[in-house]
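A.B. asks: Residue numbers (the working numbering), protein chains in the order written: chain E, 6 to 120; chain R, 12 to 124.
#1: For residue 54 of chain E, go through chain R and note every residue whose CB falls closer than 7 Å to its CB, in chain order.
#2: Anything in the stretch 26 to 59 of chain R with a Cβ closer than 8 Å to a Cβ of chain E? List those residues in chain order, please.
#3: Quick one: which chain E residues come within Cβ less than 7 Å of residue 115 of chain R?
#4: Closest to residue 23 of chain R by C-alpha separation, out of R:98, R:15, R:89, would be which residue?
#5: Write down the C-beta distance between residue 36 of chain R and residue 105 of chain R rounded to the nearest angstrom, noting that I regard them as a contact closer than 8 Å.
#6: Leaving aside the five residues before and after residue 21 of chain R along the sequence, list all residues of the same chain whose C-beta is less than 6 Å from its C-beta, in chain order.
#7: Verify whether the separation of the beta carbon atoms of residue 119 of chain E and residue 20 of chain E is less than 9 Å.
#8: What does the alpha-carbon distance come out to for the pair residue 84 of chain E and residue 99 of chain E?
#9: What is the rounded straight-line gap between the Cα of residue 114 of chain R and the Cα of residue 47 of chain R?
#10: Inspect the beta-carbon positions of residue 88 of chain R and residue 49 of chain R and report whether they are closer than 9 Å.
#11: Classify residue 45 of chain E as buried or exposed, calling it buried when 16 or more other Cβ atoms lie within 10 Å of its own Cβ.
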């Protein structure tokens with residue numbers, strides 16, 4: 006069964022600082038990988054996704070993520086954080102080859118941004 | 012840009028009562044899902060739905076739960092007899108194909124008293 010671990014429950018950074026949110030997955034092959042963001046009172050918004058090909062993927066709002074097969078990781082990065090990035094971030098995996106695309110989520114990382 | 016919508020945004024009910032949570036997916040989506048997030052816990056898969064039938068369901072999705080798409084637009088989740096532990100945020104999602112991106116609605120917060 007697939008699983009996702011986000012080791013950091015809560016991260017605090019200063020505005021303008023760089024950011025890296027960690028995500029490790031467990032799956033027998035290369036899964037489909039996603040990062041979603043949830044602002045308070047909002048739904049889950051897709052930031053970026055990896056299906057295949059270039060292991061560095063670009064997303065919205067200046068985010069990027071890198072798939073590293075050897076480390077079973079898909080870490081999310083941003084070079085300069087803005088106060089509006091404060092939210093909860095979820096990494097998720099899906100299993101290729103299954104028609105129905107169930108996603109398995111990590112427990113989320115809450116990002117706090119200090120001015 | 013089309014969005015997934017969910018109603019109501021917040022539902023309060025008494026234990027043992029039936030609730031129906033409603034979702035309007037994006038019109039060209041074919042696959043539909045319900046997830047839930049108990050406060051402080053992970054987002055968990057409940058059920059997927061395609062071609063007017065359940066494709067896959069989790070252990071959570073027992074006989075108290077049902078889904079349907081009665082009119083080709085609304086996608087509903089019914090809980091027949093709510094329990095305290097059903098209190099959670101329920102998210103509807105849809106996608107163009109089973110392994111494509113899933114787009115989520117804003118959620119319905121269900122509170123069972």
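For every residue, glycine included, the Cβ atom is placed at its ideal position computed from N, Cα and C.
Bear in mind that the values here come from a model prediction, so they are computed numbers and not experimental data.
C.D. replies: Concretely, from the data shown:
#1: 112, listed in chain order.
#2: 42, 44, 46, 52, 53, 54, 55, 56, 59
#3: Within chain E, 48, 49 have C-beta atoms less than 7 Å from the C-beta of residue 115 of chain R, given in sequence order.
#4: Check the Cα spacing between residue 23 of chain R and each of R:98, R:15, R:89: the tightest is with R:98.
#5: The pair is a contact, with the Cβ atoms about 4 Å apart (cut-off 8 Å).
#6: 120
#7: yes
#8: Between residue 84 of chain E and residue 99 of chain E, the alpha-carbon positions lie close to 27 Å from each other.
#9: 14 Å
#10: No, Cβ-Cβ distance for residue 88 of chain R and residue 49 of chain R is not below 9 Å.
#11: Sixteen is the threshold: since fewer than 16 other Cβ atoms of the shown chains lie within 10 Å of the Cβ of residue 45 of chain E, the residue is exposed.
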